[in-house]
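Participant: Questions regarding the structure given below will be posed in turn.
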Amino acid sequence: MKGIGLCAIFSRQGDWAFDYALDLARRHKTKLNVFHFLESPYTLRRDVVFVDEKKQETAKVTPDLIAKKDKELRETYDERLGDYVDVGFRLCEGNDEWELRKCFRKGDYEILVIGYNAKGASFGGTTTIEAFASEFKAPVVLIGPDSPDIVYLNQAASERASDLILDNKQWHVLEAKSKSH
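Quick note: the sequence shown, position 103, residue 101 per my numbering, numbers continuous.
Here is the structure:
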């Protein structure tokens, strides 16, 4: 396996997703790539981002801000990684969907894990988390929203269920959304 991708979100579901992704990386002896997106209040502009959890305070994106946020990201997960060192961190400023697709095509990961905060939650500001996962070509595993033992898989992930750690987990396959033309 090429790697495990984790779309890092700071919530209890995000913590569950991190634990699951780390277990998966350990089991497959592969790299864990942690992606975190700086969220902008604007759809098209990415030069201003939220800098607080409540999404009330914004700041211009500067090299100093990126360095600060990158350090915070690494410090958040460093202790929880324990002795696992095959980890990469990527702080992303762009469109979530586009960045994740680009990194998948580059081979940064083979399976993507995301904390599932709530049904119908916005993902990347342009779609719902279910629609993103259903349409994504790579296997996607959503952890939550109510328990770390409940997981949702897109079709690609369900076809690779034997590669996933699904013991003692209740898993469901997301339905693919049909597109009208």
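For every residue, glycine included, the Cβ atom is placed at its ideal position computed from N, Cα and C.
How many angstroms separate the CA atom of Leu30 from the CA atom of Gly86?
Facilitator: By one-based count along the sequence shown, residue 30 stands at place 32. By one-based count along the sequence shown, residue 86 stands at place 88. Between Leu30 and Gly86, the C-alpha separation is close to 6 Å.
Participant: What's the gap between the Cα of Asp161 and the Cα of Leu63?
Facilitator: Taking the sequence shown and counting its residues from 1, the one referred to as residue 161 is at position 163. Taking the sequence shown and counting its residues from 1, the one referred to as residue 63 is at position 65. Looking at the two C-alpha atoms, the distance is approximately 38 Å.
Participant: Whole angstroms are fine: how far does the CA of Asp21 sit from the CA of Ala15?
Facilitator: Translated into positions along the sequence shown, residue 15 becomes position 17. Translated into positions along the sequence shown, residue 21 becomes position 23. Those two C-alpha atoms are separated by around 10 Å.
Participant: Which residue spans inside the segment 70 to 150 form an unbroken alpha helix (DSSP H) run of at least 4?
Facilitator: Taking only runs of at least 4 residues, the alpha helix (DSSP H) segments lying wholly in the segment 70 to 150 are 94 to 104, 127 to 133.
Participant: Helix, strand or coil for Leu4, going by three-state DSSP, please let me know.
Facilitator: For the purposes of this step, residue 4 is taken as the residue at position 6 of the sequence shown. Looking at Leu4 - three-state DSSP - the assignment turns out to be strand.
Participant: Specify the secondary structure class of Lys167 as computed by DSSP and reduced to three states.
Facilitator: Position 169 of the sequence shown, counted from the first residue, corresponds to residue 167. DSSP places Lys167 in coil when its eight states are reduced to three.
Participant: Does the separation of the CB atoms of Ala65 and His34 fall below 8 Å?
Facilitator: Taking the sequence shown and counting its residues from 1, the one referred to as residue 65 is at position 67. Taking the sequence shown and counting its residues from 1, the one referred to as residue 34 is at position 36. Cβ atoms of Ala65 and His34: not closer than 8 Å.
Participant: For Leu63, name the three-state secondary structure that DSSP assigns.
Facilitator: By 1-based counting over the sequence shown, the position of residue 63 is 65. DSSP places Leu63 in helix when its eight states are reduced to three.
Participant: Quick check on Phe35 - is its C-beta less than 8 Å from some C-beta in chain C?
Facilitator: Note that chain C does not occur in the displayed structure, where there is just one protein chain.
Participant: Just reading off the beta strand (DSSP E) that Leu180 is part of, what are its end residues?
Facilitator: Nothing can be reported for residue 180, as the shown portion of the chain is limited to -1 through 179.
Participant: Of the choices Ile109, Ala119, Gly123, whose alpha-carbon is the least far from that of Val139?
Facilitator: Indexing the sequence shown from 1 puts residue 139 at position 141. Out of Ile109, Ala119, Gly123, Ile109 has the C-alpha closest to the C-alpha of Val139.
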